[in-house]
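Visitor: First the structure, which I've put down as structure tokens, then a few questions once you've had a look.
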Amino acid sequence: MSQRSKSIPRTAQDFTVIRSKSPVEFIAPAPLNLNVARKASHASPSSAAAEIDATPSISRHSSITSSIKNKRGSDSSNSPSETTVARVSALSLSHLQKSQLTLPAHLQKLNAVSQTWERRFFVLSEDAKIYMYHDDADPNSSPIAILPVEGYVPTTGLDTPQTLTLNVFGECAVADGSLAMVQWTLQFPDEASKFLWVQSISRVLDERGSTKLELLMERTLSADSNVKNRGAGHYVAPEHTTLSRSRSLGTKNLPQSFSSPSSFVSNFSSSVGFENRAALMHQRYQEYMSSQKEIQKKMMSPEAIKQRQKVAAEIAAEHKRLAREHAEWEILQQKKALLAKADSMRNALGI
1 MSQRSKSIPR
11 TAQDFTVIRS
21 KSPVEFIAPA
31 PLNLNVARKA
41 SHASPSSAAA
51 EIDATPSISR
61 HSSITSSIKN
71 KRGSDSSNSP
81 SETTVARVSA
91 LSLSHLQKSQ
101 LTLPAHLQKL
111 NAVSQTWERR
121 FFVLSEDAKI
131 YMYHDDADPN
141 SSPIAILPVE
151 GYVPTTGLDT
161 PQTLTLNVFG
171 ECAVADGSLA
181 MVQWTLQFPD
191 EASKFLWVQS
201 ISRVLDERGS
211 TKLELLMERT
221 LSADSNVKNR
231 GAGHYVAPEH
241 TTLSRSRSLG
251 TKNLPQSFSS
261 PSSFVSNFSS
271 SVGFENRAAL
281 MHQRYQEYMS
291 SQKEIQKKMM
301 SPEAIKQRQK
311 VAAEIAAEHK
321 RLAREHAEWE
331 ILQQKKALLA
341 KADSMRNALG
351 I
């Protein structure tokens, strides 16, 4: 036997020994590589040499080892500090404005500790997140805080008019590193600004919800398709696997749910009905989204904006009238108190 034929691995053990002699740290080969080695053990030396190749596994192991070293900080070129700087620069105001800017504005935020209003610069992004900055003067500034918006509720119990304030809430990381529900109370300069923000928040939340619904329906329809393929006598691997294979099934290998014709018809009918319900739900959701877009388009028309501004002016005038009447009422009460005091003094003096 030649020296070349001795170096060719013929069994899984020989294959493991060759792998262990590589300059890379030994890791047990994946099941696919072992299957290839077993297949080669029953073949001729020439076919084994043609089918076994340890280079892809070693290359994959090298890339995995390199990525682990980089994550642990062993590589001097990718230090944790540089990674942190890159992450912060990606959240800068200029980067946000270039990538997914939706709605920027200077608003007043209620400090949860001091219960005072603070002027901050806020940006609502397309992924339903509100970024808070000290100001918009420095384009390279990093956000003070980021709130992933889950919803909003009307504000009550504040000294400011309730029509100009709004509570937005979401789950985010707090000081101790845990996740908690956080609420921001924002104050808007006028009714039109508040309306614009409410509509924008509703839109990005609807779009995020539609994306999740479409992804769920896609996975559901894919799973339903796999069920029907099993009923037809074929097995299709789920979409999350790396290999896709199909093999015929005999009568003995049929799943238990399809062991009889009646159960097969029942399962097939239920899967078809589920697909129809999913399609109907998707159609209704698309109709709802189109109607919401039409409503938003009408509400953002110049006539609707003028009408809202008119209503806001009337509300402001009503607030001023009520404040004026309240001040006049207080003056009248003070006059009555002075007259009553004067009467009591005259009675005491016997005048």
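Numbering follows the UniProt record's numbering, in which position 171 of the sequence shown is assigned residue number 171; successive positions increment by one, without gaps. For every residue, glycine included, the Cβ atom is placed at its ideal position computed from N, Cα and C. These numbers come from a predicted model, not from an experiment.
Using only alpha-carbon positions, find the residue among Ser92, Ala145, Ala175 that is nearest to Pro139.
Guide: As a working note, residue 139 is residue 139 in the sequence shown. With distances taken between Cα atoms, Pro139 lies closest to Ser92.
Visitor: Restricting to Cα atoms, I'd like to know which of Gln199, Asp206, Ala105, Glu171 is closest to Tyr285.
Guide: The residue given as residue 285 occupies position 285 in the sequence shown. Checked all of Gln199, Asp206, Ala105, Glu171; the closest Cα to Tyr285 is Asp206.
Visitor: Using DSSP with H/G/I as helix, E/B as strand and the rest coil, what is Ile130?
Guide: By 1-based counting over the sequence shown, the position of residue 130 is 130. If DSSP states are grouped into helix, strand and coil, Ile130 belongs with the strands.
Visitor: How would you write the range of the alpha helix (DSSP H) that Met181 sits in, first residue to last?
Guide: For the purposes of this step, residue 181 is identified with residue 181 of the sequence shown, where counting begins at 1. Segment 179-187 is the beta strand (DSSP E) holding Met181; no alpha helix (DSSP H) there.
Visitor: State the start and end residues of the unbroken beta strand (DSSP E) segment that holds Pro148.
Guide: Locating residue 148 in the sequence shown gives position 148, counting from the first residue. Run containing Pro148: 145-148, per the beta strand (DSSP E) assignment.
Visitor: Opposite Pro104 in the DSSP bridges: which residues?
Guide: Along the sequence shown, one-based indexing puts residue 104 at 104. The partner list for Pro104 (beta bridge, DSSP) reads Val123.
Visitor: Taking CB distances under 7 Å as the criterion, tell me whether His326 reaches chain B.
Guide: The displayed structure is made up of one protein chain only, and chain B is not part of it.
Visitor: For Ser114, count the other beta carbons within 10 Å of its own beta carbon; 16 or more makes it buried, fewer makes it exposed. Which is it?
Guide: The count along the sequence shown starts at 1 and reaches residue 114 at position 114. Looking at its Cβ environment, which holds fewer than 16 other Cβ atoms inside 10 Å, Ser114 is exposed.
Visitor: Look at Ala128 and Val149 and say whether their C-beta atoms are less than 7 Å apart.
Guide: Walking along the sequence shown from the start, residue 128 turns up at place 128. Walking along the sequence shown from the start, residue 149 turns up at place 149. It is a contact, given that the beta carbons lie within the stated cut-off.
Visitor: Any idea what DSSP makes of Val198, helix, strand or coil?
Guide: Locating residue 198 in the sequence shown gives position 198, counting from the first residue. If DSSP states are grouped into helix, strand and coil, Val198 belongs with the helices.
Visitor: Please name the residue or residues paired with Val153 in a DSSP beta bridge.
Guide: If you number the sequence shown from 1, residue 153 lands on position 153. Asn167.
Visitor: Let's test the definition: count the other Cβ atoms within 10 Å of the Cβ of Leu107 and tell me whether it reaches 16, buried, or not, exposed.
Guide: For the purposes of this step, residue 107 is identified with residue 107 of the sequence shown, where counting begins at 1. Classification of Leu107: buried, given that the 10 Å Cβ count is 16 or more.
Visitor: Going by alpha carbons, who is nearest to Thr116 out of Lys194, Gly151, Leu147, Gln187?
Guide: Within the sequence shown, the letter at position 116 stands for residue 116. Looking at the Cα atoms, Gln187 is the closest of the given residues.
Visitor: Leaving out five residues before and five after Ala173 in sequence, what residues of the same chain have Cβ atoms less than 7 Å from its Cβ?
Guide: Counting from 1 along the sequence shown, the entry for residue 173 is found at position 173. These residues qualify, in order along the chain: Leu179.
Visitor: Kindly indicate which three-state DSSP category Ala175 falls into: helix, strand or coil?
Guide: Locating residue 175 in the sequence shown gives position 175, where the first residue counts as 1. Looking at Ala175 - three-state DSSP - the assignment turns out to be coil, as it is neither helix nor strand.
Visitor: For Lys293, which option in Leu322, Val204, Leu280 has the closest C-alpha, if you only look at C-alpha atoms?
Guide: Here the question's residue 293 lines up with position 293 in the sequence shown. Checking every option, the nearest Cα to that of Lys293 belongs to Val204.
Visitor: Along the alpha helix (DSSP H) that carries Met345, what are the first and last residues, could you check?
Guide: Start at 1 with the first residue of the sequence shown, and residue 345 comes out as number 345. Counting along the chain, the alpha helix (DSSP H) containing Met345 begins and ends at 302-349.
Visitor: With a 10 Å radius around its C-beta and 16 neighbouring C-beta atoms as the bar for buried, classify Tyr288 as buried or exposed.
Guide: Translated into positions along the sequence shown, residue 288 becomes position 288. Tyr288 should be labelled exposed.
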